[in-house]
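The structure appears right after this line, and notes come after that.
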Amino acid sequence: FLFYSGYNKNENMGKTVLICKDLQTVIGCGVLGEEVKEKKLVAEMASYPGYTGTLNAAGMVTVTFHDDDTFKVHFDVSGLQANCKNCGIHIHAGVSCATADEVKG
């Protein structure tokens, strides 16, 4: 939603933000901090070199890095095994997916 309180960004810096479940009960609190500019890396996924199975992973993986070096992984990938219990997404040292050796994983 869009709201104008009469205060600009600098005047709101460091102020608390509250979430209420009704007019009397506050259920959340946070402090407004400096904007974190997202730094994103994106990978277009395709089959692993040499993989000949029936699954066909295809789509995008996005890694968003924050200023404190933490990151969030988001994926929109199809062709995966349904309800997989031991699956995963990993970042490896390789710089190419042309051959399994270049993946380094």
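Counted the way the working numbering counts, the sequence shown spans residues 29 to 133.
Ideal Cβ positions, reconstructed from N, Cα and C, are used throughout, including at glycine.
Bear in mind the structure is a predicted one, so any value in this text is a computation, not a measurement.
Would you list, in sequence order, the uninterrupted beta strand (DSSP E) runs of no fewer than 3 residues that lie entirely inside the stretch 52-82?
54-59, 67-73
Rounded to the nearest angstrom, what separates K113 and I47 at their Cα positions?
What you label residue 113 is simply residue 85 of the sequence shown in a count that begins at 1. What you label residue 47 is simply residue 19 of the sequence shown in a count that begins at 1. Distance between the alpha carbons of K113 and I47: 36 Å.
Taking 8 Å as the threshold (C-beta atoms), are K68 and T98 in contact?
To locate residue 98, count along the sequence shown from 1; it is residue 70. To locate residue 68, count along the sequence shown from 1; it is residue 40. No, they are not a contact pair.
Name the DSSP bridge partner or partners of T90?
Locating residue 90 in the sequence shown gives position 62, counting from the first residue. DSSP lists V70, H102 as partners of T90.
Let's test the definition: count the other Cβ atoms within 10 Å of the Cβ of M73 and tell me whether it reaches 16, buried, or not, exposed.
Taking the first residue of the sequence shown as position 1, residue 73 is located at position 45. It counts as buried.
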